[in-house]
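Visitor: Numbering (my numbering), first residue to last: 41 to 414.
Just so you know, even glycine gets a beta-carbon here, dropped at the ideal spot from N, CA and C.
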Ligand code: T4K
């Protein structure tokens, strides 16, 4: 097995050219405005609106994805209700529900896409259900039509955790033209995470995209303590404001988004080719933006061996996203054993390194090392 001289992590944040960032910093210095709805934040919101093809009235930026989810759930009135969601995700999804006083109810995932199954979710709908929160896990797109049907049939909100799905669009064909539609436009609301470990980031950050423009004012209020000027406070808000340096990082990364997305496809393709002759490593093909490269092994023992040998012998730090399942963690242990598909896949999955400057040669070496272990 080949050992890398420097550690290879599951991801590395893209950094824009320092000169470009410095120019932006000069502007921040001139403005002497660092947070609280500053000019960089407003520009970032404007440019995101153009990139996503979503009106500015239907977006809101936050200081991280978790608080974006929390405030989104709160603004949609989920407190006190049951919300059906997936256990195969990062803890932030269900933590955000719990923290606003909603009760996460876990339904199983589709064994192919690894996203929440609409059929499994439907079986758990009761009069207490206020919403369904599917996750486009790894950038694999959920069965959005299936969830739309459930939303209409039962009158429940559909709110996507799209933390991994920035840069995913679908083609919409009209008689006279073809348009692209952001995955964020599905359902009542979607959240994109701009954390440094994401293919597009603002150091930390989160974006909500929502169908009903009327909710924007509420979200702006909630992210700023729900205070209005000096004399009024109308709700229990919090501090979830994105600052100017975050917005600047986001703007600089947005300039490069097409290249970042293209390169992820190349990395994925290189892994795919490397594993084509190896039936013991099954690459999961569903991610649209290739934000992650999940692979499945035949059993838990093999996955664990690959994980540790890559770390110890090769200096390669893969991650077992998403193991353990949320239903193995103390706050959600009440649902342990209820989602067999998710349990089976969490025991066998490993996400391999992918990032903007991971060379294709290094991808081949990582893949060869994996093949030597299985
Ligand atoms: N919903 C879903 C489905 C999510 O996956 C997430 C977050 C959220 C909601 C919440 O969104 P945010 O509130 O985070 O915006 C990471 C991230 O912290 C987390 O954002 C992400 N999902 C989760 C899947 O992964 P860790 O604990 O695995 O990250 P960490 O610090 O171990 O970083 C992974 C590797 O990246 C490191 O081994 C080295 C490298 N790295 C990391 C950072 C931060 C760098 O090279 N440079 C860096 O600056 O959680």
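If you follow the alpha helix (DSSP H) that residue 391 is in, where does it begin and where does it stop?
Guide: For the purposes of this step, residue 391 is taken as the residue at position 351 of the chain shown. Not the alpha helix (DSSP H): residue 391 falls in the beta strand (DSSP E), residues 389-392.
Visitor: Can you list, in chain order, the residues of its chain with a C-beta nearer than 6 Å to that of residue 109? Leave out the 5 residues immediately preceding and following it.
Guide: By one-based count along the chain shown, residue 109 stands at place 69. If we look at residue 109 and ignore the five residues flanking it on each side, its Cβ neighbours are 136, 231.
Visitor: Would you call the CB atoms of residue 221 and residue 240 closer than 8 Å?
Guide: One-based indexing of the chain shown puts residue 221 at position 181. One-based indexing of the chain shown puts residue 240 at position 200. In this structure, residue 240 does not lie closer than 8 Å to residue 221 by Cβ.
Visitor: Would you tell me roughly how many angstroms separate the C-alpha atoms of residue 36 and residue 410, rounded to the nearest one?
Guide: With the chain running from 41 to 414 in the structure shown, residue 36 is simply not present.
Visitor: Distance check for residue 107 and residue 162, CA to CA, integer angstroms please.
Guide: The sequence position of residue 162 within the chain shown is 122, counting from 1. The sequence position of residue 107 within the chain shown is 67, counting from 1. Distance between the alpha carbons of residue 162 and residue 107 is about 27 Å.
Visitor: Which value, in whole angstroms, describes the spacing of the CA atoms of residue 96 and residue 339?
Guide: As a first step, residue 96 is located in the chain shown; it is residue number 56 there, counting from the start. As a first step, residue 339 is located in the chain shown; it is residue number 299 there, counting from the start. Roughly 47 Å between the two C-alpha positions.
Visitor: Looking only at its chain, what residues have a beta carbon closer than 8 Å to the beta carbon of residue 86, apart from the 5 residues adjacent to it on each side?
Guide: For the purposes of this step, residue 86 is taken as the residue at position 46 of the chain shown. Contacts found: 96.
Visitor: May I ask you to check if the CB of residue 236 is nearer than 7 Å to at least one heavy atom of the ligand SAM?
Guide: As for the ligand SAM, it is missing from this structure, which binds only the ligand T4K.
Visitor: Suppose the cutoff is 8 Å on Cβ atoms and the five residues either side in sequence are ignored; what does the same chain contact list for residue 47 look like?
Guide: Taking the first residue of the chain shown as position 1, residue 47 is located at position 7. Hits under 8 Å: 355, 356, 357.
Visitor: Would you kindly work out how many angstroms separate the C-alpha atoms of residue 420 and residue 130, rounded to a whole number?
Guide: For residue 420 there is no data in the structure shown, the boundaries of the chain being 41 and 414.
Visitor: With 16 as the cutoff for other CB atoms within 10 Å, does residue 417 come out buried or exposed?
Guide: Residue 417 is absent from the structure shown; the chain starts at 41 and stops at 414.
Visitor: My guess is that residue 297 and residue 224 are in contact by the Cβ rule of under 8 Å, so how many angstroms apart are they, rounded?
Guide: For the purposes of this step, residue 297 is identified with residue 257 of the chain shown, where counting begins at 1. For the purposes of this step, residue 224 is identified with residue 184 of the chain shown, where counting begins at 1. Actually they do not touch by this definition, with Cβ atoms about 14 Å apart.
Visitor: On the DSSP bridge assignment, give the partners of residue 246 in chain order.
Guide: The residue you call residue 246 lines up with position 206 of the chain shown. Its beta-bridge partners are 102, 233.
Visitor: Classify residue 264 as helix, strand or coil using the three-state DSSP reduction.
Guide: Looking up residue 264 in the chain shown gives position 224. Correct three-state label for residue 264: strand.
Visitor: When DSSP builds the beta bridges, which residues end up paired with residue 240?
Guide: Here residue 240 refers to the residue found at position 200 of the chain shown. According to DSSP, residue 240 bridges with nothing at all.
Visitor: Using a Cβ-Cβ distance under 8 Å, would residue 150 count as near chain C?
Guide: Note that chain C does not occur in the displayed structure, where there is just one protein chain.
Visitor: Give the C-beta separation of residue 264 and residue 75 to the nearest angstrom, bearing in mind that I take them to be a contact with Cβ-Cβ under 8 Å.
Guide: Sequence index remark: in the chain shown, residue 264 carries index 224 (1-based). Sequence index remark: in the chain shown, residue 75 carries index 35 (1-based). No, residue 264 and residue 75 are not in contact; Cβ-Cβ is about 10 Å, not under 8 Å.
Visitor: Hey, how far is the Cα of residue 344 from the Cα of residue 329?
Guide: The residue labelled residue 344 in the question sits at position 304 within the chain shown. The residue labelled residue 329 in the question sits at position 289 within the chain shown. The straight-line gap from Cα to Cα measures roughly 27 Å.
Visitor: Taking 7 Å as the line, does the beta carbon of residue 109 fall inside it for any heavy atom of the ligand T4K?
Guide: Position 69 of the chain shown, counted from the first residue, corresponds to residue 109. Checking every heavy atom of the ligand T4K against the Cβ of residue 109, one is found closer than 7 Å.
Visitor: Assuming residue 165 contacts residue 124 (C-beta within less than 8 Å), just tell me the rounded distance between them.
Guide: Within the chain shown, the letter at position 125 stands for residue 165. Within the chain shown, the letter at position 84 stands for residue 124. With 8 Å as the limit, residue 165 and residue 124 qualify as a contact, their Cβ atoms being about 7 Å apart.
Visitor: Classify residue 91 as helix, strand or coil using the three-state DSSP reduction.
Guide: In the chain shown, the residue the question calls residue 91 occupies position 51. DSSP places residue 91 in helix when its eight states are reduced to three.
Visitor: In terms of residues, what are the limits of the alpha helix (DSSP H) holding residue 386?
Guide: To locate residue 386, count along the chain shown from 1; it is residue 346. From DSSP, the alpha helix (DSSP H) with residue 386 extends over 380-386.
Visitor: Roughly how many angstroms separate the alpha carbons of residue 253 and residue 93, rounded to a whole number?
Guide: Your numbering for residue 253 matches position 213 in the chain shown. Your numbering for residue 93 matches position 53 in the chain shown. Looking at the two C-alpha atoms, the distance is approximately 14 Å.
Visitor: Scan the stretch 155-226 and note each continuous beta strand (DSSP E) run of 3 residues or more that stays entirely inside, going in chain order.
Guide: Within the stretch 155-226, the complete beta strand (DSSP E) runs of at least 3 residues are 169-173, 197-201, 209-213, 218-222.
Visitor: Less than 7 Å separating the Cβ of residue 139 from some heavy atom of the ligand T4K?
Guide: Counted from its first residue, the chain shown places residue 139 at position 99. Outside the cutoff, so no.
Visitor: How far does the beta strand (DSSP E) with residue 145 in it reach, from first residue to last?
Guide: As a first step, residue 145 is located in the chain shown; it is residue number 105 there, counting from the start. Residue 145 -> beta strand (DSSP E) spans 143-146.
Visitor: Over what stretch of residues does the beta strand (DSSP E) that includes residue 60 continue unbroken?
Guide: Position 20 of the chain shown, counted from the first residue, corresponds to residue 60. Residue 60 -> not in any beta strand (DSSP E); alpha helix (DSSP H) instead, spanning 58-71.
Visitor: How about residue 201: is its Cβ closer than 7 Å to a heavy atom in the ligand T4K?
Guide: As a position in the chain shown, residue 201 is number 161, starting the count at 1. At least one heavy atom of the ligand T4K is nearer than 7 Å to the Cβ of residue 201, so yes.
Visitor: Taking Cβ to Cβ, would you say residue 308 is nearer than 8 Å to residue 153?
Guide: Against the chain shown, residue 308 aligns to sequence position 268. Against the chain shown, residue 153 aligns to sequence position 113. No.
Visitor: Given 7 Å as the limit, tell me if residue 356 has its C-beta closer than that to any heavy atom belonging to the ligand T4K.
Guide: Stepping through the chain shown from its first residue, residue 356 is reached at position 316. No.
Visitor: Where does residue 279 land, buried or exposed, given buried means 16+ other C-beta within 10 angstroms?
Guide: On the chain shown, residue 279 is found 239 positions in, with the first residue counted as 1. Counting Cβ neighbours within 10 Å, residue 279 comes out exposed, since fewer than 16 surround it.
Visitor: Taking 8 Å as the cut-off, decide whether the C-beta atoms of residue 204 and residue 177 are in contact.
Guide: Residue numbering aside, residue 204 sits at position 164 when the chain shown is read from its first letter. Residue numbering aside, residue 177 sits at position 137 when the chain shown is read from its first letter. Yes, they are a contact pair.
Visitor: Hey, would you say residue 461 sits closer than 8 Å to residue 311, going by beta carbons?
Guide: This structure gives no information on residue 461, because the portion of the chain shown stretches from 41 to 414.
Visitor: Taking Cβ positions, are residue 118 and residue 262 nearer each other than 8 Å?
Guide: Position 78 of the chain shown, counting from 1, holds the residue named residue 118. Position 222 of the chain shown, counting from 1, holds the residue named residue 262. No, they are not a contact pair.
Visitor: Rounding to the nearest angstrom, what Cα-Cα distance links residue 337 and residue 270 in this structure?
Guide: Counting from 1 along the chain shown, the entry for residue 337 is found at position 297. Counting from 1 along the chain shown, the entry for residue 270 is found at position 230. So the alpha carbons of these two residues sit roughly 58 Å apart.
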